[in-house]
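Participant:
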Amino acid sequence: MEWVKRDTDSTLVREISSHYGIDLLMASIFVRRGIVGPGDIKFYLEDDLRFLHNPFLFSSLEDLIDRIYAAKEEEERVLVFGDRDVDGITATVLLVSALKELGVFVSWALPAGNDPYGLTKQVVDKFHEVGGTLLITVDCGISNHEEIRYAAGKGIDTIVIDHHNPQETLPEAVVIINPKISDSGYPYRDLCGCGVVSKVVWALRFSRTELYNHPLCLLCAWPGNDSVVIEAVKLQNLVIQDRILENLIPGMVKLDNTRLFSFLNNCEVLTYNSSEQTKLLRQVFGNKVDINLIDLSPPLEKYFPSLAGLSLLKIREKSRIAKYSETPLTELDVLVNLFTSYYFKKHEKIFQRYLEDLDLVALGTIADLMPLKNENRILVKQGIQVLNSTKRKGLKELMIKQNLLGSRLSTVDIGWQITPVLNATGRMGVPERAVELFFSEDDADRQKLVETILGLNKERKKLGDELWEKIFPKAKKSAADFQGKFVFIADSSIQRGVTGILASRLVNYFNSPALVIALLEDKGVGSMRTIKGIPVGKFLELCSDLFLDYGGHDCAAGFSFSLDKFKDLEKRIPEVLESLDWVKAIEEPLEIDAELPLDYLTPDLINIVEKFEPYGEESQPLLFLVKGIRIDSLDLVGKTEKQHVKMLLDTGKYKWPALYWNQAERVNRDLFAGDTLEIVFRLGRNYFQNKETLQLTLVDVKK
8 MEWVKRDTDS TLVREISSHY GIDLLMASIF VRRGIVGPGD IKFYLEDDLR FLHNPFLFSS
68 LEDLIDRIYA AKEEEERVLV FGDRDVDGIT ATVLLVSALK ELGVFVSWAL PAGNDPYGLT
128 KQVVDKFHEV GGTLLITVDC GISNHEEIRY AAGKGIDTIV IDHHNPQETL PEAVVIINPK
188 ISDSGYPYRD LCGCGVVSKV VWALRFSRTE LYNHPLCLLC AWPGNDSVVI EAVKLQNLVI
248 QDRILENLIP GMVKLDNTRL FSFLNNCEVL TYNSSEQTKL LRQVFGNKVD INLIDLSPPL
308 EKYFPSLAGL SLLKIREKSR IAKYSETPLT ELDVLVNLFT SYYFKKHEKI FQRYLEDLDL
368 VALGTIADLM PLKNENRILV KQGIQVLNST KRKGLKELMI KQNLLGSRLS TVDIGWQITP
428 VLNATGRMGV PERAVELFFS EDDADRQKLV ETILGLNKER KKLGDELWEK IFPKAKKSAA
488 DFQGKFVFIA DSSIQRGVTG ILASRLVNYF NSPALVIALL EDKGVGSMRT IKGIPVGKFL
548 ELCSDLFLDY GGHDCAAGFS FSLDKFKDLE KRIPEVLESL DWVKAIEEPL EIDAELPLDY
608 LTPDLINIVE KFEPYGEESQ PLLFLVKGIR IDSLDLVGKT EKQHVKMLLD TGKYKWPALY
668 WNQAERVNRD LFAGDTLEIV FRLGRNYFQN KETLQLTLVD VKK
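The structure is reproduced here in structure tokens:
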């Protein structure tokens, strides 16, 4: 396996180290990973909720809030319809809980059994029969054009809250909230479905405060060269709507002849140190000018006593937010940030509630393999902290059964021991069991649900293993037929709930895109998974005329079709592959984050490792290279077969336990006690019998 350590710009490393107050090793890793902009670095160094994007950047969010309040006032029946996977389940739980908190008459539903992905006419009909008038889809809906049109024909409005890739045209919903649509207004596209719902829930709670849809202006004035500079912004829902800058010579112009007059008209004007600001304004416009300024200094000093007596320029020097600005902050920028922080503090309960929701967001983000970049890093980091001491009784019961309660959770723990178990409910056709687990208030009922869900997971594993054995010979033939570029399997014995699992296993084994289809009695249901650099969207688009419905992400998608279209699909696949000119991915080299001298391999290194958490999609664990480390001892380990190598490695100052997976055959062949090695490794914590130790996981070694 090839090892690659990219060169770094030493000047840039020192600049980043100095600017952000971090050590040179951490700065060099940032540079080597291409994380150099303030907007990227802040999501690694900060976890404060103030660094998240404002939900009201979604251009249609106020329309959604208005429609929900109308439903509440008119006592309408509302249905939240989600997806059967963990993201859809958590999104459903989160929105239903928030709507109940608001006093909305709400129920929920998910696809069950062999129901297709997304909304169906049967769901619409059932909702119409009970007098329903507002349907909200979560983690689905963006591809349900016909069903949403059908609902409208029955007098049912539909709101779509989704994150899947949209098709060329959007459904005719009354509101669509999806960061992937071109005019969403939202600056980050890769939230999970539950993450998008969390933004809606935040906004719903914000809408109950005095600032909702209440426009106001913030103003700052300061002396210029023989002039006074006046800068102001208009805020609505803490989002800057407009900005103005005037450089005025005293006595040369009247207020009502400036752009400032119309900008400030009919708006509350807030400032910092109003007496000083009033003097500057009167210096420009004369003593008779009457601008009613509301002084933010007293409330700011009440909530942040350390600011007392400081100017905005002095506050800027202390500002954490200022460190991450692409351009130097003006005094007005500082005031806007202060006002936002003040509002967070004043309405702390709202933001505390949002924090408590992030356990669900973390589950959805990790389960749906969302990139751990941008604000997803804060959402997952904070969400894991909430999970570590979860107050959700059903989730707590599940974590007890999985021996996770009380341990320090990681994304690996969540991705291996929590989300697959919850996912099993949907794969086995009963996702409602997972939702019931979150909502149940009865101890005995929760215990029974946990046992049921764990049983479903065992059944899912057994089914997956049996089907893998059955399809593997066909998969090998298919891979050969497509010259290693693609794997295609279709079989009537495959259950629709495991098509995604099988496709993922095929991708991992053959390192190629894979398509698995369950041939049911009346239709086919397919799941497609792919490898890095080969998105599935174009493939689906070129076959879309054969599908009843389809949707998904860049690397994972699903669809259904009438069985009479199966032969057409079989014929179309080679044509599509040829037109896309897909190539088989080659083995990627190991990207080394840092080469360490032996004396740098100390227990303190874990502090650097954990600064880069959480790890996951597009944020892989740090890989270190060390040369000249000696094998003190080695043993073979394994539960059934001894396939792995356990070593004790000696740096001269420290001895490190290390694990080298699936490399037992190398012992006493080219690995011997006493050998001196070059190693590429990850560093982490190992928990065994309530004891925590640091451990190296070896990825590759050379003598």
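Counting in the numbering used here, the sequence shown runs from 8 upward without gaps.
Glycine included, C-beta positions come from ideal geometry on N, C-alpha and C.
Predicted model only: the values in this text are computed from it and were never measured.
Answer yes or no: do L144 and I163 have a C-beta to C-beta separation smaller than 8 Å?
Facilitator: Numbered from its first residue, the sequence shown carries residue 144 at position 137. Numbered from its first residue, the sequence shown carries residue 163 at position 156. The sequence as given places Thr at residue 144; Leu does not occur at that position. Cβ distance not < 8 Å, so T144 and I163 don't count as in contact.
Participant: For the ligand HEM, I want to know if G162 counts as a neighbour, meaning its beta carbon is within less than 7 Å of at least one of the ligand's heavy atoms.
Facilitator: The model on display carries no ligand, and the ligand HEM is accordingly not part of it.
Participant: Taking DSSP's pairing of strands, which residues face W229 in a bridge?
Facilitator: Counted from its first residue, the sequence shown places residue 229 at position 222. Answer is V236, bridged to W229.
Participant: Skipping 5 residues on each side, what residues in its chain have a beta carbon closer than 6 Å to that of N395?
Facilitator: Position 388 of the sequence shown, counted from the start, is the residue given in the question as residue 395. The residues are L416.
Participant: Buried or exposed: which applies to K492, given that a residue is buried once 16 or more other Cβ atoms fall within 10 Å of its Cβ?
Facilitator: Residue 492 sits at position 485 when you count from the first residue of the sequence shown. By the neighbour-count rule (16 or more Cβ atoms within 10 Å), K492 is buried.
Participant: Whose CA, out of D47, K634, V674, lies closest to the CA of G659?
Facilitator: Residue 659 sits at position 652 when you count from the first residue of the sequence shown. When each option's Cα is compared against that of G659, the closest is K634.
Participant: Here's the rule: buried if 16 or more other CB atoms are within 10 angstroms of the residue's CB, otherwise exposed. What is A369?
Facilitator: For this step, residue 369 is matched to residue 362 along the sequence shown. Result: buried.
Participant: Can you pull the DSSP bridge partners for P664?
Facilitator: Position 657 of the sequence shown holds residue 664. L655, per the DSSP bridge assignment.
Participant: Three Cβ pairs or more, each shorter than 8 Å: is that satisfied between the region 438-450 and the region 470-486?
Facilitator: With a cut-off of 8 Å, the region 470-486 and the region 438-450 do not count as touching, because too few Cβ pairs lie within range.
Participant: Spell out the partners DSSP gives D249 in its beta bridges.
Facilitator: Locating residue 249 in the sequence shown gives position 242, counting from the first residue. Paired residues: K241.
Participant: Beta-carbon separation of R503 and L522 under 8 Å?
Facilitator: Position 496 of the sequence shown, counting from 1, holds the residue named residue 503. Position 515 of the sequence shown, counting from 1, holds the residue named residue 522. No, these two residues do not count as a Cβ contact at 8 Å.
Participant: According to the Cβ coordinates, are E404 and V437 closer than 8 Å?
Facilitator: As a working note, residue 404 is residue 397 in the sequence shown. As a working note, residue 437 is residue 430 in the sequence shown. Going by C-beta atoms, E404 is not nearer than 8 Å to V437.
Participant: When the Cα of I237 is compared with those of T285, Y219, I322, F489, which residue comes out closest?
Facilitator: Reading the sequence shown from its first residue, position 230 is the one you call residue 237. Comparing Cα positions, the closest option is T285.
Participant: Considering only their Cβ atoms, is the gap separating H170 from N151 smaller than 8 Å?
Facilitator: Looking up residue 151 in the sequence shown gives position 144. Looking up residue 170 in the sequence shown gives position 163. No. Outside cutoff.
Participant: Could you tell me which uninterrupted beta strand (DSSP E) segments, each at least 3 residues in length, are contained entirely in the region 281-337, listed from first to last along the chain?
Facilitator: Correct list: 300-302.
Participant: Is the Cβ-Cβ distance between D449 and R399 less than 8 Å?
Facilitator: By one-based count along the sequence shown, residue 449 stands at place 442. By one-based count along the sequence shown, residue 399 stands at place 392. No, the pair does not count as a contact, with Cβ atoms beyond the cut-off.
Participant: So E69 packs on N273, CB below 8 Å; how close in whole Å?
Facilitator: Numbered from 1 along the sequence shown, position 62 holds the residue referred to as residue 69. Numbered from 1 along the sequence shown, position 266 holds the residue referred to as residue 273. The Cβ separation is near 19 Å, so there is no contact.
Participant: May I ask you to report which of helix, strand or coil DSSP gives A105?
Facilitator: For the purposes of this step, residue 105 is taken as the residue at position 98 of the sequence shown. Reduced to three states, the DSSP call for A105 is helix.
Participant: If I298 sits next to L271, beta carbons under 8 Å apart, how far is it from one beta carbon to the other, in whole angstroms?
Facilitator: Sequence index remark: in the sequence shown, residue 298 carries index 291 (1-based). Sequence index remark: in the sequence shown, residue 271 carries index 264 (1-based). Going by Cβ atoms, the distance from I298 to L271 rounds to 7 Å, so yes, they are a contact pair.
Participant: Just the Cα atoms here: how many angstroms apart are P664 and G41?
Facilitator: Translated into positions along the sequence shown, residue 664 becomes position 657. Translated into positions along the sequence shown, residue 41 becomes position 34. So the two alpha carbons sit approximately 31 Å from each other.
Participant: When the Cα atoms are used, what is the spatial distance from F695 to A431?
Facilitator: Mapped onto the sequence shown, residue 695 falls at position 688. Mapped onto the sequence shown, residue 431 falls at position 424. When rounded, the distance between both Cα atoms is 27 Å.
Participant: In whole angstroms, what is the alpha-carbon distance linking P257 and C224?
Facilitator: Start at 1 with the first residue of the sequence shown, and residue 257 comes out as number 250. Start at 1 with the first residue of the sequence shown, and residue 224 comes out as number 217. If you take the alpha carbons of P257 and C224, they lie about 22 Å apart.
Participant: Using 10 angstroms around the beta-carbon of R536, count the other beta-carbons present and answer buried if the total reaches 16, otherwise exposed.
Facilitator: Reading the sequence shown from its first residue, position 529 is the one you call residue 536. So R536 counts as buried.
Participant: Answer yes or no: do L342 and C227 have a C-beta to C-beta separation smaller than 8 Å?
Facilitator: For the purposes of this step, residue 342 is taken as the residue at position 335 of the sequence shown. For the purposes of this step, residue 227 is taken as the residue at position 220 of the sequence shown. Closer than 8 Å, so yes.
Participant: Report the CB separation of S567 from V532 in whole angstroms; it is logged as a contact under 8 Å.
Facilitator: As a working mapping, residue 567 is identified with position 560 in the sequence shown. As a working mapping, residue 532 is identified with position 525 in the sequence shown. Yes, S567 and V532 are in contact; Cβ-Cβ is about 5 Å, under 8 Å.
Participant: What residues are listed by DSSP as bridge partners for L607?
Facilitator: Translated into the one-based positions of the sequence shown, residue 607 becomes position 600. Correcting the residue type first, residue 607 is Tyr in the shown sequence and not Leu. Y607 is not bridged to any residue.
Participant: Would you list, in sequence order, the uninterrupted alpha helix (DSSP H) runs of no fewer than 4 residues that lie entirely inside the region 121-177?
Facilitator: Runs found: 128-136, 152-160.
Participant: Scan the region 516-592 and note each continuous beta strand (DSSP E) run of 3 residues or more that stays entirely inside, going in chain order.
Facilitator: As far as the region 516-592 is concerned, its whole beta strand (DSSP E) runs of at least 3 residues are 521-526, 530-536, 556-559, 563-569.
Participant: Leaving out the 5 sequence neighbours to the left and right, which residues in its chain are closer than 8 Å to K330 when beta-carbon positions are compared?
Facilitator: In the sequence shown, the residue the question calls residue 330 occupies position 323. Counting only Cβ-Cβ distances below 8 Å, and skipping sequence neighbours, we find H26, Y27, P45, K49.
Participant: Do you know how far the Cα of D233 is from the Cα of L300?
Facilitator: Within the sequence shown, the letter at position 293 stands for residue 300. Within the sequence shown, the letter at position 226 stands for residue 233. So the alpha carbons of these two residues sit roughly 24 Å apart.
Participant: Given P628, which residues of its chain have a CB within under 7 Å of its CB, disregarding the five upstream and five downstream residues?
Facilitator: On the sequence shown, residue 628 is found 621 positions in, with the first residue counted as 1. Counting only Cβ-Cβ distances below 7 Å, and skipping sequence neighbours, we find Y622, R689.
Participant: For the beta strand (DSSP E) that contains Y694, what are its first and last residues?
Facilitator: Taking the sequence shown and counting its residues from 1, one reaches residue 694 at position 687. Note, Y694: beta strand (DSSP E), 683-695.
Participant: My output table needs one value for N273: the three-state DSSP class, helix, strand or coil.
Facilitator: Mapped onto the sequence shown, residue 273 falls at position 266. In the structure shown, N273 sits in coil (DSSP, three-state: anything other than H, G, I, E or B).
Participant: Among the residues of its own chain, which have a CB less than 7 Å from the CB of L71, if the five just before and after it don't count?
Facilitator: Locating residue 71 in the sequence shown gives position 64, where the first residue counts as 1. Taken in chain order, the residues that qualify are I166, V182, I184, V207.
Participant: Which of the three DSSP states is assigned to C224 in this structure?
Facilitator: By one-based count along the sequence shown, residue 224 stands at place 217. Of the three classes helix, strand and coil, the one that applies to C224 here is strand, per DSSP.
Participant: Of all the options I407, D364, F445, T372, which has the alpha carbon lying nearest to the alpha carbon of G401?
Facilitator: In the sequence shown, residue 401 corresponds to position 394, counting from 1. The shortest Cα separation from G401 among I407, D364, F445, T372 belongs to F445.
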